[in-house]
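Taking it in order: structure first as structure tokens, then the write-up.
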Amino acid sequence: MSIARIPARRGPGWQYFVMTEPRRCRWCRRVLPEREGPGRPKQFCSQRCRQWDWVSRQRANELELSEHELVIARHELDALHDDLYVLACAVDDAERDLATGRQTIHSLTDTLTWLLDAARPLRDRELSAPTPPPTNTS
Ligand SMILES: [Zn+2]
12 MSIARIPARR
22 GPGWQYFVMT
32 EPRRCRWCRR
42 VLPEREGPGR
52 PKQFCSQRCR
62 QWDWVSRQRA
72 NELELSEHEL
82 VIARHELDAL
92 HDDLYVLACA
102 VDDAERDLAT
112 GRQTIHSLTD
122 TLTWLLDAAR
132 PLRDRELSAP
142 TPPPTNTS
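Residue numbering for the sequence shown follows my numbering, starting at 12 and increasing by one per position.
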């Protein structure tokens with residue numbers, strides 16, 4: 012939960028809003044459905060994510076990694092860098108287009124489409140959990 016401070020619409024001062032962030036799966040970061048009723052809130056979207064999280068914590072212990080260190084597959088990091096590079100190019104192009112001050116609805120639509128096409132892979136990105144892990148949490 013976080014608090015947002017927004018200038019008041021009328022007069023000086025601020026309005027405060029409580030922003031509730033959605034709960035996310037600890038492994039894949041998907042938004043978890045709202046839980047109704049009593050009981051502990053869910054931490055994972057699936058048993059597969061629960062198992063991968065357990066396996067990753069076991070491996071982190073073996074490697075004596077701190078909570079702030081992470082091992083990631085080279086191909087996952089390369090793919091992320093590729094998507095970030097495409098997005099950076101799209102942002103550069105959009106900024107250059109807007110700086111000309113000669114936009115039309117058509118050119119703005121093209122710019123926005125290019126920007127969205129570049130951003131969508133990052134929005135849809137998931138940590139891969141391709142197969143059930145070899146060990147069980149039970
Ligand atoms: Zn998940």
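Beta carbons: idealized from backbone N, C-alpha and C, even for Gly.
{"query": "Indicate the three-state DSSP secondary structure (helix, strand or coil) for Val82 in the structure shown.", "result": "coil"}
{"query": "Does the segment 96 to 112 touch the segment 69 to 84, meaning 3 or more C-beta pairs lie closer than 8 Å?", "result": "no"}
{"query": "Report the CB separation of Leu43 from Cys56 in whole angstroms; it is logged as a contact under 8 Å.", "result": "6 Å"}
{"query": "Around ligand 1, which residues pass a check of Cβ closer than 6 Å to any of its heavy atoms?", "result": "Cys36, Trp38, Cys39, Arg41, Phe55, Cys56, Ser57, Cys60"}
{"query": "Please return the same chain residues whose Cβ sits closer than 7 Å to the Cβ of Ser149, not counting the five positions on each side in sequence.", "result": "Summary for Ser149: the model assigns pLDDT 45, below 50, so the residue's position carries little reliability; its value from the coordinates is reported in the next sentence. Excluding sequence neighbours, Ser149 sits near nothing in its chain."}
{"query": "Return the chain-ordered list of same chain residues with a C-beta closer than 6 Å to the C-beta of Glu87, the five sequence neighbours on each side being excluded.", "result": "none"}
{"query": "Nearest by alpha-carbon distance to Cys100: which of Arg59, Cys39, Asp128, Asp64 is it?", "result": "Asp128"}
{"query": "Is Leu74 closer than 8 Å to Leu98 when the C-beta atoms are compared?", "result": "no"}
{"query": "For Leu81, which of Asp64, His92, Tyr96, Asp94 has the nearest alpha-carbon?", "result": "Asp64"}
{"query": "Buried or exposed: where does Gln114 fall if 16 or more other Cβ atoms within 10 Å of its Cβ makes it buried?", "result": "exposed"}
{"query": "Given this structure, state the Cα-to-Cα distance separating Arg37 from Gly112, to the nearest angstrom.", "result": "44 Å"}
{"query": "CA-CA distance, Ile116 and Arg41?", "result": "35 Å"}
{"query": "State the DSSP-derived secondary structure class of Arg35, mapped to helix, strand or coil.", "result": "strand"}
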